[in-house]
Amino acid sequence: MSDIEFRGVTKVFRAPGGSGRIRAVDNLNLTIREGESVALVGESGSGKSTIARMLVRLETPTEGTITFNGRSIHRMPDLSRRIQMVMQDPFSSFNPMHTISYSLRRPLEIRKDVDKEDIPRRVAETLRQVGLVPPESFLEKRANQLSGGQRQRANIARALLLEPEVLVADEPTSMLDVSVGIGVLNVLLDLREKRQGVEGSIGIKEVDIKNTRMSYLFITHNLAAARYIADRMVVLYRGQVVEEGLVDDVIHHPLHPYTRMLIAATPDADKPLQLDATLDVESGASYQGCKFASRCPFRQEECSSEIQYKKVENQMVRCVLY
Ligand code: ADP
Ligand code: MG
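So, in C-alpha cells, the structure goes:
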C-alpha cells in the first residue's frame, strides 16, 4: 500500500526576529491512502503549507515520522519523483528566462531512467492533459507570456511529467480569478479520473505502480473547492487536526465548533478563511487542551484538559462535546 502516514509530526519554528517559538504543526497524525484525495482546510497560519513542505522534504519535522509505503520519506532517494508539489503562486514558479518547453523538458532530461527520444512527445501529451492546446502554441513561450491560469496549468504539467504517485497542491487557485480557478480545478479533477485504472498512460520506463490513480493532498481555504476535488476533508486548527471525515459528511454535518464556524463563514465564497485577526500569540509549548476554546461559544471547563480524538459516526472529532 502506498499510503502516506504522518505520525506524531510536530514542527516548531523560531519566530522571526524574536527568541520565541512557533508550533506550526502540533503532533499531527494524518493518513493519505493510495489513490485518495484529501483536502486539508484551515485558516491562514494553521500550518497547511508547513505540512505540504514537510511531505516534499522542504522542511524537516522537529518530531515524528512521515512514511510513504511504510518507509521513512527521508530514506527515499526517488521521493522527489514520486511526490510532486504544485505551489500556490503561478507567477514566481517559472524561470522567466526559459521557454515552457525548456522548463518542462529539463526535469526529464536529467533523469537516467527516461527515454530521451520520447521527451518531446511526453511534454506535448502532458500539455494536452492540462488543457494547453495545441501544445505547439505554448512550447516556445516564456512564462510571462502566459496568463495566470495558463501558467498554473503549465505548473501542473511540470508536476505530472515525472508521473508522481502523489500530487500536493498548495492553494493552487487562490491567486487566480474565480472562473480561471475553476478551470484549473477541473484539470485536477479530470486528471484523477483519467488516470484511474489506466496503466502507465504516459509510461515512465519502470512502471512499478499497479494502481495508477494519483493521491492528492489538496490544500485550500475554499470549502467549495475541497468538496469538488476531495474524497475526505481534514480540518486543521493551529497545527492540530480537529475534525476529519468524508467531504460531504463534514460539510453537511460538521461536528467541531470550529468546523461549523468555517462553514458558516464561507457559504461558497472564495475568500481566504480569516475569521479572527486577534489570535493570541502562538506559543512554542505544547498544549494538551483545545486550542480553539478561547474562541468557542461552547467552551467548558474540560476544554483545558487533554482531549481525545474520537470517532463519531463516520467522522473523527477532537472536542469535549462528543
Ligand atoms: P498556512 O499555510 O496554513 O497559512 P503555514 O504553514 O504557512 O500556514 O504557517 C504556519 C505557522 O508557521 C504560521 O504562524 C507561520 O508564520 C509559521 N511559519 C511558517 N514557516 C515559517 C518559517 N520558515 N519560519 C518561521 N515561522 C514560520
Ligand atoms: Mg499556506
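For the sequence shown, this note's numbering assigns the number 1574 to the last residue and increments by one with no breaks. Each residue gets a CB set at the ideal place from its N, CA and C atoms; glycine is no exception.
{"query": "N- and C-terminal bounds of the beta strand (DSSP E) containing L1292", "result": "S1289 to V1293"}
{"query": "Cβ-based neighbour list, L1412, same chain, cut-off 6 Å, excluding 5 preceding and 5 following", "result": "T1378"}
{"query": "DSSP three-state assignment for D1442, whether helix, strand or coil", "result": "helix"}
{"query": "Rounded C-alpha distance that separates Y1480 from N1474", "result": "10 Å"}
{"query": "Contact between the region 1545-1565 and the region 1509-1519 (3+ Cβ pairs under 8 Å)", "result": "yes"}
{"query": "Buried or exposed (CB count within 10 angstroms, at least 16 for buried), S1355", "result": "buried"}
{"query": "Collapsed DSSP secondary structure at L1527 in the structure displayed", "result": "For L1527, the predicted model reports a pLDDT of 46, less than 50, meaning its position is unreliable; a value from the coordinates is still stated below. In this structure, L1527 counts as coil in the three-state DSSP scheme."}
{"query": "Spatially closest choice to R1465 from A1395, R1285 and T1262, by CA coordinates", "result": "R1285"}
{"query": "Proximity below 8 Å, CB of T1317 to CB of R1259", "result": "yes"}
{"query": "Alpha carbon of G1383 to alpha carbon of Q1552, nearest angstrom", "result": "52 Å"}
{"query": "Opposing strand residues paired with D1577 [DSSP bridges]", "result": "For the chain, the structure presents residues 1253 to 1574; residue 1577 sits outside this window and is missing."}
{"query": "Every unbroken beta strand (DSSP E) inside the region 1265-1344 [3 residues or more]", "result": "1273-1284, 1289-1293, 1315-1320 and 1335-1338"}
{"query": "Validate contact between the region 1386-1397 and the region 1301-1312 using beta carbons, cut 8 Å, 3 pairs", "result": "no"}
{"query": "Heavy atom of ligand 1 within 7 Å of D1299 beta-carbon", "result": "For the record, residue 1299 in the displayed sequence is Gly; it is not Asp. Yes, ligand 1 has a heavy atom inside 7 Å of this Cβ."}
{"query": "Near ligand 1: F1470 beta-carbon under 7 Å from a heavy atom", "result": "no"}
{"query": "Test item: CB-CB of E1423 and Q1340 under 8 Å", "result": "yes"}
{"query": "L1413 - DSSP class collapsed to helix/strand/coil", "result": "coil"}
{"query": "Sub-8 Å separation of F1343 and R1403 beta-carbons", "result": "yes"}
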